[in-house]
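Below is one structure, written out as structure tokens; the observations come after it.
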Amino acid sequence: MDRDDLGFLLAKATQRWNELLQESFRAAGWEAIRPSYGSILVPLFEEDALRLGELARRSRLSKQTMTTMIRLLERDGLVRREPDPEDGRAARVVLTAKARRFEPVARRTLEELGGRAQERLGERRLQSVKAALKEWIET
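Residues 1076 to 1214 (our numbering) make up the sequence shown, in order.
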């Protein structure tokens, strides 16, 4: 095993990406936002008020991890759980006003990081990496 191992490289690339996210969030005054929150926030930014099960599917998180993450996001005032009007036994996760204020910062940060990746890799290689990662996620 060495540092050319695919798993090692993916883990280190993710770690670096998260470091850059954290630096950008901190610089914008959002130091309490963890990069790991993106697994929940990004799907909610796409479509708010998702049922927990659907949010878990889109986030690709286990039920246990989802529960922990939702509690952290609630604690930090970014989401709240509400009863599902269509099914009283189910809950929906809803973004708060605080999360809505953070959304443009997150969007801008991701665009800037995407731009840095494009500068470094070029458009063709970047699209190839994205396609490969999407394929890997779906397996």
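Each residue gets a CB set at the ideal place from its N, CA and C atoms; glycine is no exception.
Quick caveat: nothing in here was measured; it's all calculated off a predicted structure.
Check                                                                                                              : Outcome
Does the distance from the CB of LEU1188 to the CB of SER1099 come in under 9 angstroms?                           : yes
Pull up the CB-CB distance for LEU1096 and THR1184, whole angstroms please, since I reckon it's below 8 angstroms. : 6 angstroms
By the DSSP assignment, the alpha helix (DSSP H) with PRO1179 in it spans what residues?                           : 1172 to 1196
From which residue to which residue does the beta strand (DSSP E) around ARG1155 run?                              : 1154 to 1159
Hey, would you say LEU1125 sits closer than 9 angstroms to MET1141, going by beta carbons?                         : no
I need the boundaries of the alpha helix (DSSP H) containing TRP1105, first residue and last residue.              : Element bounds for TRP1105: n/a, residue is neither H nor E.
Pull up the distance between the alpha-carbon of TRP1092 and that of MET1144, whole angstroms please.              : 19 angstroms
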